[in-house]
Amino acid sequence: MIAEMSSKMVGRARGFYALASQEEIGLLMSMNFAFTEGKYSGSAITVLGRNTVFSKVREMPVIGGSGLFRFARGYVQARIHTFYQKTGDAIVEYACYVLHY
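Mapping to our numbering: the sequence shown position 39 is 763, numbers consecutive.
Take a look at the structure:
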């Protein structure tokens, strides 16, 4: 899958992170994937876990959600798609695997 600037936006990722390691760059991340379009509009998936930033694939748990994702459980796998060294910005792909009612 290729990230395209022309892709339709279907939601936003919102949250915060804190440093969570003494020896490597690891973050404690709390994040909501909030959907604004389509079938899941108004619903969100909540992720909370440790993100070891420079690992090729990082796995974090889905701890819940809201709307259609109420009682959600699962995990996300994060991969860096593009990293802009000059600014420190990155495009990160999150593959979500979720069970919900």
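By construction, the Cβ of each residue, glycine as well, lies at the ideal position given by its N, Cα and C atoms.
Which residues does DSSP pair with residue i in a beta bridge?
i	result
S754	F740, L772
T811	Answer is none; T811 lacks a bridge partner.
Y821	Y799
V786	V771, G798
V734	The partner list for V734 (beta bridge, DSSP) is empty, contrary to what the question assumes.
V816	I804
Compare the C-alpha of residue i against each of the options and name the closest.
i	options	result
G789	Q809, N775, L823	L823
F795	F757, S767, Y825	Y825
M827	A819, V777, G791, Y799	For the chain, the structure presents residues 725 to 825; residue 827 sits outside this window and is missing.
M753	K732, I804, A744	A744
R797	V771, T760, S779	V771
F793	V781, N756, K810	N756
Q746	E817, T760, T776, G739	T776
N763	G791, C820, A737, Y808	Residue identity differs from the one stated: residue 763 is Lys in this sequence, not Asn. Taking only the C-alpha atoms, the option nearest K763 is G791.
Could you tell me if residue i is buried or exposed, where buried requires 16 or more neighbouring beta carbons within 10 angstroms of its beta carbon?
i	result
I769	buried
R803	exposed
In whole angstroms, what separates the C-alpha of residue i from that of residue j?
i	j	result
S731	F740	25 Å
M729	K780	23 Å
F759	V734	6 Å
S765	V816	22 Å
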